[in-house]
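K.L.:
Note that the sequence shown covers residues 1463 to 1762 in this note's numbering.
We treat Cβ as the ideally placed atom computed from N, Cα and C, and that holds for glycine.
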Amino acid sequence: MTLKTRPLSNAVGTEILGFDMAAPVSDEMIEELKQHWAETGLLLFKNQKLTPEQQIAFARRFGPSAPTPGVTRYLLDGYPELFVIANRDAEGNLLETRETARQWHSDHSFKIKPSTGSLLYCRKMPPVGGNTMYANMNQAYDALSDGMKELIENLMAVHDVDNVKDMKNRAPRTPEERASTPPIAHRMVITHPVTGRKALYVSEMFTDYIEGMTKEESATILNYLFQHSVRPEFTYRHQWDIDDVLMWDNRVVMHFAPRDYDPNDPAPDNWRYMLRATIDPWDDENAFPEQEYSYKVTLG
Ligand SMILES: O=C(O)CCC(=O)C(=O)O
Ligand SMILES: [Fe+2]
C-alpha cells in the first residue's frame, strides 16, 4: 500500500494524509515513512488521538528510546520516554521548559551517538503563535561554494550542552548532569545513510567551536554557517493545531521554536503543551557514516 502524501513546503517536510498512528502499521508502511522522513526531513500527521503508550510505541518502530542526558527533571510522570515541553502544568504553574528551543539545533548533537529523530505531539496550543521552524541542512550544504565545502569537509566541530544560551529559566545542572554530557566533536559535514546526501551539521545552540582553530577564527566561520543555513528558502514554519504530530530527522533538519507568544501570559488559553518521544539509532547503526570519527573532547 502506498501512503497518500503532500509536500509541506518547498524546503522541508511531507504531510502524511489520512493516517492513524494508533492503528496497526505494517513494516512496509514504516519503510515508506522512513523514506519520506529521510528525503524531506519532516513528517506531519494531523488529527492524531494517542495515549502516551501509543506515541511511544510508534516512535519505537524507528529506533530505541533516546534518554535525554542532563534533563531528567522534565519527563512525563510514569512515562520517562516522554519529555514534556510546556509553559504550564495542569495546575497553571510555570514550567522550566517554557523557553525550550529558542536557538536553532539538531536534537542531542552533544551526544557521541546523537538522536536520529524526534516525534512531537501537540496537546495544547495558544490561539496565535507557538510555532516551530525547520531548516533543511541538505539544501544549506548544497548552496555553499566549492571553496567552503572543501574547507569544512573534514573539520570537526565541538558540541556542548553548556553552549545553550537560554538556560535562564532552568535550575542549574547538577555536577552529575554536567559529567554526563562532556563536549563531543563531530564532523561538520555528515552523509545521510538513506539518501546519501550531505548535510551541514553545526548549530548555534550546541556548536561551540571548530577543532584546530582559535575561538575567533572558528566563530567567524560558524556564525556565517549559522546564518546561511537558516536562509528563508531552506525553512518551513509550522503553525500547530492540537493533535498534530511532527516527526523530524535530525540528520536532515535543524529546528527552532521562535518566541512568538508570551509563555508567561496567565490567560487560560495561552497554554502550550507538547510531548516528545526521542529516537536513538539502533545499536548496530551509525546515525551517519562520519560518526566513526566522533570523539569525546578532553578538556584543558
Ligand atoms: O517546542 C518546540 O516547538 C520544539 C522543541 C524542541 O526543540 C524539541 O522538541 O526538540
Ligand atoms: Fe529540539
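Could you name the residues, in chain order, whose CB is less than 6 angstroms away from a heavy atom belonging to ligand 1?
P.N.:
I1547, T1562, A1563, D1569, S1580, L1582, T1594, H1717, A1719, M1736, R1738
K.L.:
So for F1524, helix, strand or coil by DSSP?
P.N.:
Here residue 1524 is taken as the residue at index 62 of the sequence shown, counted from 1. Of the three classes helix, strand and coil, the one that applies to F1524 here is coil, per DSSP.
K.L.:
Find out if the Cβ-Cβ distance for the pair M1709, L1581 is shorter than 8 angstroms.
P.N.:
For this step, residue 1709 is matched to residue 247 along the sequence shown. For this step, residue 1581 is matched to residue 119 along the sequence shown. It is a contact, given that the beta carbons lie within the stated cut-off.
K.L.:
Quick check on DSSP: helix, strand or coil for M1595?
P.N.:
The residue given as residue 1595 occupies position 133 in the sequence shown. M1595 falls in the strand class under three-state DSSP.
K.L.:
For the alpha helix (DSSP H) holding L1557, just list the boundary residues, first then last.
P.N.:
Within the sequence shown, the letter at position 95 stands for residue 1557. First-last for L1557: undefined, no H or E at that position.
K.L.:
In three-state terms, what does DSSP make of R1535?
P.N.:
In the sequence shown, residue 1535 corresponds to position 73, counting from 1. Reduced to three states, the DSSP call for R1535 is helix.
K.L.:
Measuring alpha carbon to alpha carbon, tell me which of Y1723, T1594, R1734 ends up nearest L1506.
P.N.:
Numbered from its first residue, the sequence shown carries residue 1506 at position 44. Nearest C-alpha to L1506: T1594.
K.L.:
What's the C-alpha gap between Q1517 and E1754?
P.N.:
For the purposes of this step, residue 1517 is taken as residue 55 along the sequence shown, with counting starting at 1. For the purposes of this step, residue 1754 is taken as residue 292 along the sequence shown, with counting starting at 1. Roughly 31 angstroms between the two C-alpha positions.
K.L.:
Out of D1482, H1570, N1600, state which residue places its alpha-carbon closest to the alpha-carbon of R1693.
P.N.:
Within the sequence shown, residue 1693 is the residue found at index 231, counting from 1. Measuring from the Cα of R1693, the nearest candidate turns out to be N1600.
K.L.:
Is E1666 near L1617, with beta carbons less than 8 angstroms apart?
P.N.:
The residue given as residue 1666 occupies position 204 in the sequence shown. The residue given as residue 1617 occupies position 155 in the sequence shown. The answer is no: Cβ separation not under 8 angstroms.
K.L.:
So H1717 packs on Y1596, CB below 8 angstroms; how close in whole Å?
P.N.:
Residue 1717 sits at position 255 when you count from the first residue of the sequence shown. Residue 1596 sits at position 134 when you count from the first residue of the sequence shown. Rounded, the Cβ-Cβ distance is 5 angstroms, consistent with contact.
K.L.:
Taking the straight line between their C-alpha atoms, what separation do you get for H1700 and L1470?
P.N.:
Translated into positions along the sequence shown, residue 1700 becomes position 238. Translated into positions along the sequence shown, residue 1470 becomes position 8. For H1700 and L1470, the distance between alpha carbons rounds to 9 angstroms.
K.L.:
Between P1645, I1646, A1661, T1682, which lies nearest to I1652 when the distance is taken from Cα to Cα?
P.N.:
Here residue 1652 refers to the residue found at position 190 of the sequence shown. The shortest C-alpha separation from I1652 is found at A1661.
K.L.:
Using DSSP with H/G/I as helix, E/B as strand and the rest coil, what is T1697?
P.N.:
Walking along the sequence shown from the start, residue 1697 turns up at place 235. Strand at T1697.
K.L.:
Would you list the residues sitting across from M1618 in a DSSP beta bridge?
P.N.:
Here residue 1618 corresponds to residue number 156 of the sequence shown, with the count starting at 1. M1618 is bridged to R1649.
K.L.:
Do you know whose CA, among K1511, E1543, D1622, lies nearest M1439's CA?
P.N.:
No answer is possible for residue 1439: the residues shown for the chain start at 1463 and end at 1762.
K.L.:
On the premise that D1622 lies in contact with P1637, defined as a C-beta separation below 8 angstroms, what is that separation, rounded to the nearest angstrom?
P.N.:
For this step, residue 1637 is matched to residue 175 along the sequence shown. For this step, residue 1622 is matched to residue 160 along the sequence shown. P1637 to D1622, Cβ: 16 angstroms. No contact.
K.L.:
Got a sec? Which residues, its chain only, sit under 8 angstroms from I1478 by beta carbon, not counting five neighbours each side?
P.N.:
For the purposes of this step, residue 1478 is taken as the residue at position 16 of the sequence shown. Only L1465, K1466, T1467, L1495, H1498, L1505, L1506, F1507 meet the Cβ criterion.
K.L.:
In three-state terms, what does DSSP make of K1758?
P.N.:
The residue labelled residue 1758 in the question sits at position 296 within the sequence shown. Strand at K1758.
K.L.:
Quick one, which of A1633, M1650, I1492, Y1698 has its alpha-carbon nearest M1610's?
P.N.:
Here the question's residue 1610 lines up with position 148 in the sequence shown. Per the Cα distances, M1650.
K.L.:
Closer than 7 angstroms to a non-hydrogen atom of ligand 2 - does that hold for the CB of H1621?
P.N.:
Locating residue 1621 in the sequence shown gives position 159, counting from the first residue. Of the heavy atoms belonging to ligand 2, none sits nearer than 7 angstroms to the Cβ of H1621.
K.L.:
Using the C-alpha atoms, what's the distance from W1733 back to F1668?
P.N.:
Residue 1668 sits at position 206 when you count from the first residue of the sequence shown. Residue 1733 sits at position 271 when you count from the first residue of the sequence shown. Cα-Cα distance, rounded: 27 angstroms.
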